[in-house]
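The block underneath contains the structure these notes are about, expressed in structure tokens.
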């Protein structure tokens, strides 16, 4: 172990502000990115499920055979 | 395409790649945590004080991996973009767009940590050093790529346009780097040389390599996560996504 | 073929001379703003002049880039050109040359006059003009890639500058550097040859990615 005390570790030889400023920002951003991704994925899945259910109900109400799924155009703008 | 080619590109189909990526992601996270803890422990707890720079040099364990990653990711992104353009594989384009934000993040972090390193070492937040300037331009290139893809609604067109831009960028990066370097040597007044690296203790090198490996693993995990979201979004009208959503209840 | 494309584009450009004149005045105004912003000390102005004139030239070129393919795209000419037996890259080369004649050459002619405002010596003025003469074709060539990529995309104009300006940096460095080197007595040869290499690359290499980007836009 290089350090004698925790205070010395925090002070980083009077460069503490710079060292910990780098560490904190890097840690925050590298934690925020996966969290944002997980959140975005959850909202996407919820939205897609809502859409799917709405379509299924619609198809059931019309009593029409479901033929929506085969190679439907992937680029139809939605929402 | 013949059957054989389809077989060859089996894992390139989103349907097969999606679950595979899902299984791999936790492993890459585990590796990222492992390498990260080891690297930071060596870098911040064990590595000796640098003779010239004191303790402030420890920013190197964050700064150098971030800079490396920002450059590697651009190359990898351009590689996927080129493959996607040449063989018309959907997955490649998605990988390229999944990598870009992470690359931009590392470019930003490299500038941020560079500034915080520069202040105690040279007494200024920013110098127009060749490397710092190139890193800034790299960030601009990432932002251009992301903005171009965001502006195009049709994902196929967005992929191809982005691919052309990424390839043009890759051809340009060495030209930009050398021109900036040339410019820098002519304006000696403002420059502070970063190139005279202090002779590094083996322990420092190990810490840096481990941190760089952690960033690699992090980038792979993040790219896989993002590519899965992109897949769901783009393939939402296909059978496999519908089945997947049904399964999840 | 090349000559036909150039001739056609020049004729079309002549019909909207207002655009060309507006870009020129933009160049003049931007350059004239700098002394007002930083003060009239001749020494300082002389040092800034190469950078200011070159940056203004980059921005003025950007102004005319969105029109490079947009009109042809709107009236369907571009699709016909893409179907022509000649390689699309060659047609793009023609359009790039026409763009340079309309947007780049006037900057070259104006630059020495504006350089006088900045108290540049006669040598520096000559090198400035030569550097712009060599460098502006590269701007047209590289800019064409951005114009093709943003064709028909929303927010195209701003996006175009975001994509193209970073790619212009080497041209800026060697162009302004040539004048700088003359002012400081180093001689501009090295800068000008590198600028020439960039221009050759910009004019003869850039049309191919541009053609690829146009095909993507036309799909």
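Protein chains in written order, with the UniProt record's numbering: chain P, 1 to 79; chain R, 1 to 249; chain W, 1 to 219.
Cβ coordinates follow ideal geometry from the N, Cα and C atoms, glycine included.
Being a predicted model, the structure only gives us computed values, none of them experimental.
{"Check": "Which residues of chain R have a Cβ atom closer than 8 Å to the Cβ of residue 26 (chain P), listed in chain order?", "Outcome": "62, 66, 109, 112 and 113"}
{"Check": "Under 8 Å, do residue 59 (chain R) and residue 14 (chain P) count as touching if we go by C-beta distance?", "Outcome": "no"}
{"Check": "Just to check my reading of the structure: residue 212 (chain R) and residue 99 (chain R) have Cβ atoms closer than 8 Å, yes? What is that Cβ distance to the nearest angstrom?", "Outcome": "With a Cβ gap of about 17 Å, residue 212 (chain R) and residue 99 (chain R) do not count as contacting."}
{"Check": "Along the chain, where does the alpha helix (DSSP H) containing residue 71 (chain W) start, and where does it finish?", "Outcome": "67-74"}
{"Check": "Cutting at 6 Å between CB atoms, please list the residues of its own chain near residue 88 (chain W), excluding the five before and the five after it.", "Outcome": "82 and 211"}
{"Check": "Please list, in chain order, all residues of the same chain as residue 15 (chain R) whose beta carbon is under 7 Å from its beta carbon, the five residues on each side excluded.", "Outcome": "240"}
{"Check": "Note down the Cα distance separating residue 235 (chain R) from residue 32 (chain W), rounded to an integer number of angstroms.", "Outcome": "54 Å"}
{"Check": "DSSP three-state label for residue 187 (chain W), please.", "Outcome": "coil"}
{"Check": "So, using beta-carbon positions, are residue 26 (chain P) and residue 45 (chain R) closer together than 8 Å?", "Outcome": "no"}
{"Check": "If you run the structure through DSSP and keep just helix, strand and coil, what is residue 153 (chain R)?", "Outcome": "coil"}
{"Check": "If we define contact as Cβ-Cβ less than 8 Å, is residue 117 (chain R) a contact residue for chain P?", "Outcome": "yes"}
{"Check": "Cβ closer than 7 Å: which chain R residues qualify as neighbours of residue 21 (chain P)?", "Outcome": "116"}
{"Check": "Are there 16 or more other CB atoms within 10 angstroms of the CB of residue 38 (chain W), so buried, or fewer, so exposed?", "Outcome": "exposed"}
{"Check": "Should residue 237 (chain R) go down as buried or exposed, given a rule of 16 or more other Cβ atoms within 10 Å for buried?", "Outcome": "buried"}
{"Check": "What are the boundary residues of the alpha helix (DSSP H) that residue 99 (chain W) is part of?", "Outcome": "88-99"}
{"Check": "Could you confirm whether any beta carbon from chain R is found closer than 8 Å to the beta carbon of residue 10 (chain P)?", "Outcome": "no"}
{"Check": "I'd like to confirm the pairing. Which residues does DSSP put opposite residue 54 (chain R) in its beta bridges?", "Outcome": "R:50"}
{"Check": "Looking only at its own chain, which residues have a Cβ that is under 6 Å from the Cβ of residue 99 (chain W), when we skip the five neighbours before and after it?", "Outcome": "68 and 140"}
{"Check": "Once DSSP output is grouped into helix, strand and coil, what is the label at residue 119 (chain W)?", "Outcome": "coil"}
{"Check": "Quick check on the DSSP output: the alpha helix (DSSP H) that includes residue 73 (chain R) runs from which residue to which?", "Outcome": "60-87"}
{"Check": "Go ahead and pull the three-state DSSP assignment for residue 235 (chain R).", "Outcome": "coil"}
{"Check": "Between the beta-carbon of residue 14 (chain W) and the beta-carbon of residue 160 (chain W), is there less than 8 Å?", "Outcome": "no"}
{"Check": "Would you verify that the beta carbon of residue 221 (chain R) is, or is not, closer than 8 Å to some beta carbon of chain W?", "Outcome": "no"}
{"Check": "Excluding the 5 residues flanking residue 202 (chain W) on each side, which residues of the same chain have their C-beta closer than 7 Å to its C-beta?", "Outcome": "137, 138, 141 and 142"}
{"Check": "Below 7 Å on C-beta distance, what does residue 135 (chain R) contact in chain P?", "Outcome": "Within 7 Å Cβ-Cβ: nothing; residue 135 (chain R) doesn't reach chain P, min ~15 Å."}
{"Check": "Take every Cβ of the segment 115-125 of chain R, pair it with every Cβ of the segment 71-79 of chain R, and state whether three or more of those distances are shorter than 8 Å.", "Outcome": "no"}
{"Check": "Assign residue 8 (chain P) to one of two classes, buried (16 or more other C-beta atoms within 10 Å of its C-beta) or exposed (fewer than that).", "Outcome": "exposed"}
{"Check": "Can you pull out the residues from the segment 47-63 of chain P whose beta carbon lies closer than 8 Å to at least one beta carbon of chain R?", "Outcome": "48, 49, 51 and 52"}
{"Check": "Taking Cβ-Cβ distances shorter than 7 Å, what residues in chain W pair up with residue 172 (chain R)?", "Outcome": "167"}
{"Check": "Starting from the C-beta of residue 181 (chain W), find all residues in its chain whose C-beta is less than 7 Å away, skip the five residues before and the five after it, and write them out in chain order.", "Outcome": "187, 188 and 191"}
{"Check": "First and last residue of the alpha helix (DSSP H) that includes residue 22 (chain P)?", "Outcome": "16-62"}
{"Check": "From the beta carbon of residue 36 (chain W), is the nearest beta carbon of chain R less than 8 Å away?", "Outcome": "no"}
{"Check": "Comparing alpha-carbon positions, which option in W:57, W:124, W:44 and W:198 lies nearest residue 26 (chain W)?", "Outcome": "W:57"}
{"Check": "Give me, in chain order, the residues of the same chain whose beta-carbon lies closer than 6 Å to that of residue 210 (chain R); leave out the 5 immediate sequence neighbours on both sides.", "Outcome": "35, 38 and 39"}
{"Check": "Return the CA-CA distance between residue 35 (chain W) and residue 46 (chain W), expressed in angstroms with no decimal places.", "Outcome": "10 Å"}
{"Check": "Starting from residue 35 (chain R), follow the alpha helix (DSSP H) in both directions and report where the run begins and ends.", "Outcome": "14-41"}
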